[in-house]
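So the structure is just underneath, and the comments pick up after that.
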Amino acid sequence: MAGSAQQPHALTIADYDRFVAAQADDREWELVEGELVMMSNPTENHEQIAGNIGAPLKLAMDAAGCRSYQGGMRVQRSDDSRGRDKTKPDIVVRCGPRQNRTFVTDPLVVVEVLSPSTMDHDRGGKLKFYKSLPTLRHIALIYQDQMRVEHYERTDEGWRLDVLTAPEETLRFEAVGFEIGVERVYFDVPVLRPVADRRDR
Numbered sequence: 001m002a003g004s005a006q007q008p009h010a011l012t013i014a015d016y017d018r019f020v021a022a023q024a025d026d027r028e029w030e031l032v033e034g035e036l037v038m039m040s041n042p043t044e045n046h047e048q049i050a051g052n053i054g055a056p057l058k059l060a061m062d063a064a065g066c067r068s069y070q071g072g073m074r075v076q077r078s079d080d081s082r083g084r085d086k087t088k089p090d091i092v093v094r095c096g097p098r099q100n101r102t103f104v105t106d107p108l109v110v111v112e113v114l115s116p117s118t119m120d121h122d123r124g125g126k127l128k129f130y131k132s133l134p135t136l137r138h139i140a141l142i143y144q145d146q147m148r149v150e151h152y153e154r155t156d157e158g159w160r161l162d163v164l165t166a167p168e169e170t171l172r173f174e175a176v177g178f179e180i181g182v183e184r185v186y187f188d189v190p191v192l193r194p195v196a197d198r199r200d201r
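Given below as structure tokens:
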């Protein structure tokens, strides 16, 4: 995300939908804690990482009778247009009957690919919103400037954070029976990697 729009008060989803419908250009916006936030144009590395996860995840979800959406589906808490959040994750997974709407209210998995311009919102207000969604089981925040995946998994005790920084580690979405190696997540992406066979001198 590149910046926020000037606004006098917290907006609702209804306000947001009217704002987006009135736009004359192709800029993308999200609503985070009642604030309009403009999304930045994705980099090539961003799209490569999203595709590295999104392609195998979609194939797995198609086979499992669930659905995986990459880049085009928005998430809100419910049908109530008085809500204060309407986000657009890089990847969303949901199961259940097809609804054919422009947003989902029952995501199981959300993936966000981070960059310096998105970091504050994605790890702040958006993460707080995602953690509050009752159906959500997995949140993956993936850095594109370093090999680092922050995986939040809902457990009986609350949200557990696992930080994956090595290529041999595995990102697992247990709720939908999917896993992918961190090395595959970063396939063809020039990021800093751990030094192999490093010995103390």
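The sequence shown begins at 1 in the UniProt record's numbering and counts up one residue at a time. The beta-carbon is built from N, C-alpha and C at its ideal position, and this holds for glycine as well.
Straight across, the Cα-Cα distance linking Pro-167 with Gly-71 is about 25 Å. Excluding residues up to 5 positions away in sequence, Asp-106, Pro-107, Leu-108 lie with their Cβ nearer than 7 Å to the Cβ of Thr-135 in the same chain. Cβ-Cβ separation between Arg-74 and Phe-103: approximately 4 Å, consistent with a contact (criterion under 8 Å). Inside the region 65-149, DSSP marks whole beta strand (DSSP E) runs of 3 or more residues at positions 67-70, 91-94, 109-114, 138-143, from first to last along the chain. Annotation: Leu-57 to Ala-14 spans about 32 Å, alpha carbon to alpha carbon. Of the other Cβ atoms in all chains shown, 16 or more fall within 10 Å of the Cβ of Glu-112; this residue is therefore buried. Beyond the five residues adjoining it in sequence on each side, Asp-188 comes within less than 7 Å, by CB distance, of Gln-48 in the same chain, given in chain order. Two segments are said to touch when three or more pairs of C-beta atoms, one from each, lie closer than 8 Å; by this definition the region 23-43 does not touch the region 59-67.
Pairing Val-93 with Phe-173, the inter-Cα distance amounts to about 10 Å.
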